[in-house]
Amino acid sequence: MTKILTIGLHPGAIDYSRHPGLDEATIAARIEQGHAAVRAAGFDAVQCLVGADPDTAEKTVRERLSEGPFVVAMIGGGVRTASEHTLLFERLINVLVATTPGIRFCFNTTPETTIDAIRRWIQPSPGEVTGDRD
């Protein structure tokens, strides 16, 4: 069974002053809807929400990697696009490359585009049963 690790910034780690009209409850719901769409499409996805601290985020990802092996890691836009998270993004990429040789990466732009990012790299196996790992 093909496993996907979806990594995103935890809603509690976002600076909402930079995102007028967005709040923690709204982004949490959007993340859950995106993850639900991935599962409904037949993918075996393990969700990994991380904080902004690179050391803690790396530890969280390492813990989730024990649920692998993973073929694809999807890293969300909240981790990648804010300049204050550059070190966090670098750390996550490097830990994934070091611990999971051959892993592929895909990137969403919003929680709603997670499924599109994953589909660019893999398709679910026919009849594959997904796990529910939040």
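Residues in the sequence shown are numbered from 5 upward in steps of one, following my numbering.
Note that the Cβ used here is the ideal one computed from N, Cα and C, for glycine as well.
Of the candidates PHE93, PRO15, LEU91 and ARG84, PRO15 places its Cα closest to the Cα of ALA32.
About 18 Å separates the beta carbon of PRO58 from that of THR104, a gap too long to meet the 8 Å contact definition. When only Cα atoms are considered, HIS89 and ALA56 end up about 7 Å apart. Of all C-beta pairs linking the stretch 33-46 to the stretch 93-108, fewer than three are shorter than 8 Å, placing the two stretches out of contact. In this structure THR6 is not in contact with VAL65, their Cβ atoms being roughly 19 Å apart against a cut-off of 8 Å. For GLY82, the secondary structure class from DSSP, reduced to helix, strand or coil, is helix. Beta-bridge partners of ILE97 (DSSP): none assigned.
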